[in-house]
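Its first residue numbered 26, the sequence shown is counted upward by one per residue in this note's numbering.
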Amino acid sequence: MSEEITLAHGAGGRLMEELIEQVIAANITNKNAGGVGLEALDDGASLSVGDYEIVIATDAHTVSPLFFPGGDIGKLAVYGTANDVAVMGAKPLAIASALVIEEGLPKEELEKVIKSMDAAARECGVAIVTGDTKVVERGKLDKLVVTTTGVGIAEKGRVITDAGVEPGDVIIITGTIGDHGTALLAFREGFEFETTLESDVAHVWPAVERALRVGGIKAMKDPTRGGVASALNEWATKAKVGIVIRESDLPIREEVLSACELLGIDPLSVGNEGKALIAVKREKAQDVLSAVRSTKVGKNAAIIGEVTSEHPKKVVLETEIGGKRILDWPLADPVPRIC
Ligand code: MG
26 MSEEITLAHG AGGRLMEELI EQVIAANITN KNAGGVGLEA LDDGASLSVG
76 DYEIVIATDA HTVSPLFFPG GDIGKLAVYG TANDVAVMGA KPLAIASALV
126 IEEGLPKEEL EKVIKSMDAA ARECGVAIVT GDTKVVERGK LDKLVVTTTG
176 VGIAEKGRVI TDAGVEPGDV IIITGTIGDH GTALLAFREG FEFETTLESD
226 VAHVWPAVER ALRVGGIKAM KDPTRGGVAS ALNEWATKAK VGIVIRESDL
276 PIREEVLSAC ELLGIDPLSV GNEGKALIAV KREKAQDVLS AVRSTKVGKN
326 AAIIGEVTSE HPKKVVLETE IGGKRILDWP LADPVPRIC
């Protein structure tokens, strides 16, 4: 690992995993409060309280620019954190929000962000219950960082972790792949595409809740930084299983594909902000797919592959022309500061 932290260390790929494991998690001695702890390096953690488990997840949002096609930092801060709680199998209930503001930020912009957070929280049915506000000198921060912590609740024993995937399970994605990162990159670079690329930033709980009601859910993850490639590699590594996905079954919008081609990036390595990957028992897969598709956020859901006992810890992509290639961990998300 290099001596200094680079942008790539925050970009959701292998370098970030290494930084978290070797520098952060390695230096924290007490990682577990009686549930899922930091040692699991999952979307969030849990604490058992009576017949329930309290799920907690936290995210710092540093997206640039603050406002982008399809969303803004406020929406991202609420949905991003609520989604991490949701994919642990818990209903999001409340959010705490810490703002670090750069001196000089127009009050009007801050108000716009807060109103956007409020609208997103209302849609998620979560309350923004506490927070903190700090201001730093001009030039010491890029406008605004919003850190949100989400709390949710699940029945005891019902928390869903990454390590739950098993050979035979079927993998579902709740919608199209690559929209958020591609939209941000195209917008930032000032590329003008004929079609409008938009972030997919949205609340996944409605789709997740329907899936949980059907049952047979083994693992869930929101493929944010590092995209689907990172998320599936995390599953394969943690559960020591192989994963196969089929290129022809991947739901990717035409405009995202062409933009990715033009920008030279892989949509599978690009962050999503309104999607969940769901691993489900084979016999429940069709019912879960229908349940997810019946929701607005999950209407483009698809079965994209399965879990296998072959090639443990590796993700294999079956290409459209019938070939196979390893879908490796991206070194980093090709688009920095997208969330
Ligand atoms: Mg997550």
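Idealized CB from N, CA, C, for every residue including glycine.
Length of the line joining the Cα atoms of residue i and residue j
i	j	result
S73	V195	29 angstroms
P231	G299	11 angstroms
G203	V80	27 angstroms
K349	T155	49 angstroms
E133	V266	50 angstroms
M26	L135	Any reading at M26 must be qualified, since the residue scores a pLDDT of 48, below 50, and its modelled position is unreliable; the value itself is stated next. Each residue's alpha carbon lies about 37 angstroms from the other.
Q47	E335	29 angstroms
M245	I363	21 angstroms
L288	N57	42 angstroms
R39	D84	19 angstroms
P276	L282	10 angstroms
L66	E214	33 angstroms
E308	P131	54 angstroms
P355	D97	25 angstroms
F92	I126	15 angstroms
E345	D274	9 angstroms
S255	V233	20 angstroms
I178	L44	30 angstroms
C285	K181	42 angstroms
V61	A51	17 angstroms
M41	A301	21 angstroms
G193	K321	28 angstroms
I351	L342	6 angstroms
L365	V190	Past the edges of the chain, shown from 26 to 364, lies residue 365, and the structure says nothing about it.
D143	L124	14 angstroms
S141	G95	12 angstroms
Where residue i falls, given that 16 or more other Cβ within 10 Å makes a residue buried
i	result
T158	exposed
F216	exposed
T54	exposed
A152	exposed
S71	buried
I30	exposed
K100	buried
G59	exposed
D76	exposed
V253	buried
L32	exposed
V161	exposed
E279	exposed
Rounded Cβ spacing between residue i and residue j (contact assumed at less than 8 angstroms)
i	j	result
I268	V360	Actually they are not in contact, since the Cβ atoms of I268 and V360 sit about 23 angstroms apart, beyond 8 angstroms.
T249	N297	6 angstroms
V317	G323	4 angstroms
T173	A102	5 angstroms
G129	R163	5 angstroms
I197	I270	In fact, because the Cβ distance is near 11 angstroms, the residues do not count as touching under 8 angstroms.
D187	K116	At roughly 19 angstroms, the Cβ-Cβ gap does not stay under 8 angstroms, so D187 and K116 are not in contact.
I328	A310	6 angstroms
CB contact below 8 angstroms: residue i versus chain D
i	result
E43	The chain labelled as chain D is not found in the depicted structure, where only one protein chain is given.
Distance cut-off 7 angstroms: residue i Cβ against heavy atoms of the ligand GTP
i	result
L288	Among the ligands in the structure shown, the ligand GTP does not appear; only the ligand MG can be found there.
Kindly confirm or deny that the region 169-179 and the region 239-252 touch, where touching means at least three C-beta pairs closer than 8 angstroms.
no
Contact the region 207-216 vs the region 107-122: 3+ CB pairs below 8 angstroms
no
Taking 7 angstroms as the limit, name every residue whose beta carbon sits nearer than that to some heavy atom of the ligand MG, in sequence order.
D68, N108, D109, V112, K246, D247, T249
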